[in-house]
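Residue numbers (our numbering), protein chains in the order written: chain A, 818 to 979; chain B, 954 to 1344. No residue lacks a Cβ here, since even glycine has one placed at the ideal position from N, Cα and C. See below for the structure under consideration.
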């Protein structure tokens, strides 16, 4: 179970907004995390106040654009525990799983508001909003995806299982 | 079964269906001069000197900054050369052209193959009946060592294109028109099967153009199948007999209008090339319009590969390009790449046969308008956006 406070973002947030291209040369993960979502115009509050364990709830086509994995590294770097989206760009989705970040697709993201406290079960795809007494049904992660996340990413998974 | 289900079932050795997660054995893992060096450094960090799963199935293609434009790029290419030498991976150096095109020309792409690469337009290999996917660094590192990757088998949408295209209308106009109708997330997480009357006449060059822009629909890959009988998520049917030349205005590939509605807009530069429109037939269509005329604006022509360039040279296309006043650049991705020579000054406008027109892609404040080779050539002659039939 993943529990946390919600940060909301809109549709079509591309990888250049998540992690602007000018920071591509950075390699230190802590330094990279400082620029998370920096290209999104309304992200100032997020950048100042995001806490480890928080959850991002976003719209359609999240992570479109380039295939840069920095976009996942920077979101993981600030401690986001899970991203829930109406849909993900497929390369971003793969990169997230490959780097051990749970990602759930759910058609009801509009019902979840910024500041809500939610509980997510990635294996069942269930999202619970206890204060509002609401449940949302998302797509469950498969056994393979859960196992890759549990071993902290694809390379660790393959080193273990071949 | 859909085409993607059939290809992946054959690879995996059992019947697979949309929604399943599977491990796909790979026939080819490819990377480029950008993206490749990072993957190589991470490979070494994780696996040291351990051998590749199969050196004949790992390829490095230099297609972005060729020849290298600064020391950093030169060093990155050096990292790739040293790695290829040490591991036996196939290397295609600065003299070849765009990755997908040269891999196919060298027989490294076969129907039914499964391929991953660091290029988000890797999926254009669907035009040859191969499964190919653009991926991030971690997938490439894992693929090089273990020869497999996991995949969520996508659902498929079908796009039927009926009718006969008018004169001066080609595959690029069709795919821009599809983008206008479906939007930039029109095929998100979906494979696409194109069929209909136009698939045969547009030839392999036109099919490459259609397949390459499935990425702009946020789709996984595009195939061409006359008798697909799978379970389709959606079926679109379009009659394309009446469409006129199309153009994607700044700054999104689905901001598409009829060329005639923006004709007369002054331009500063034209680019004919890219993985979408850099084949011989693309250059030939442009040359037919250019022949015997003079450009009123800068025109940059870039063949997709050295093989294409040789064919163009043999058939007199280079002479036409030089006579008309064009610059002809060595084969590669060229003006699709941020930082390649040919960048725009603030406020300048370029008509490009490429596939993306995002803001800032070719210099801050420059505008990119996406069109067919014929519209691009006609626009270069007039120095303004021009319908090819009106010259």
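Annotation: the continuous alpha helix (DSSP H) that includes residue 1028 of chain B extends over 1024–1040. Classified as exposed, residue 1275 of chain B has fewer than 16 neighbouring CB atoms from the shown chains inside 10 Å of its CB. The segment 1225–1244 of chain B makes contact with the segment 1252–1266 of chain B, as at least three CB pairs between them are under 8 Å. Cα atoms of residue 841 of chain A and residue 986 of chain B: separation of roughly 15 Å, rounded to the nearest angstrom. For residue 1266 of chain B, the enclosing alpha helix (DSSP H) has its first and last residue at 1259–1267. The CB of residue 962 of chain A comes closer than 7 Å to the CB of 974 in chain B, given here in chain order. Residue contact with chain B for residue 973 of chain A: absent (no Cβ-Cβ distance below 7 Å to any residue of chain B).
Closest in C-alpha terms to residue 1124 of chain B, from the list B:1248, B:1160, B:1062 and B:1074, comes B:1160.
Taking the beta carbon of residue 1087 of chain B as reference, the chain A residues within 7 Å of it are 884 and 908, listed in sequence order. Taken through DSSP and simplified to helix, strand or coil, residue 958 of chain B comes out as helix. In the structure shown, the three-state DSSP call for residue 899 of chain A is strand. At least one CB of chain B lies nearer than 7 Å to the CB of residue 877 of chain A.
Unbroken alpha helix (DSSP H) stretches of 4 residues or longer found wholly inside the segment 1171–1256 of chain B: 1212–1215, 1227–1230 and 1233–1243, given in chain order. For secondary structure counted as the beta strand (DSSP E) over 3 or more consecutive residues, the segment 1029–1101 of chain B holds these complete runs in sequence order: 1043–1045, 1067–1070 and 1084–1087. Of the candidates B:1221, B:1000, B:1187 and B:996, the residue whose Cα lies closest to the Cα of residue 1111 of chain B is B:1187. Of the residues assessed, residue 966 of chain B falls on the exposed side of the cut-off, its CB having fewer than 16 other CB atoms within 10 angstroms. When DSSP assignments are scanned along the segment 946–973 of chain A, the uninterrupted stretches of alpha helix (DSSP H) that are 4 or more residues long and fall wholly within it turn out to be 960–967. Excluding the 5 residues flanking it on each side, residue 850 of chain A has same chain C-beta neighbours closer than 6 Å at 891, 894 and 895, in chain order. For residue 1146 of chain B, no chain A residue has a Cβ inside 8 Å of its Cβ, as the nearest lies near 17 Å away.
Boundaries around residue 1143 of chain B are those of the beta strand (DSSP E), 1143–1148, since no alpha helix (DSSP H) includes it. With 16 or more other Cβ atoms inside 10 Å of its own Cβ, residue 1012 of chain B counts as buried. Taking 7 Å as the cut-off, the Cβ atoms of residue 1169 of chain B and residue 1048 of chain B do not count as close. The beta carbons of residue 1333 of chain B and residue 1223 of chain B sit closer together than 7 Å.
Residue 1006 of chain B carries a coil assignment under DSSP once its states are collapsed to helix, strand and coil. Separation of residue 1149 of chain B and residue 818 of chain A (C-alpha to C-alpha, rounded to the nearest whole angstrom) is 48 Å.
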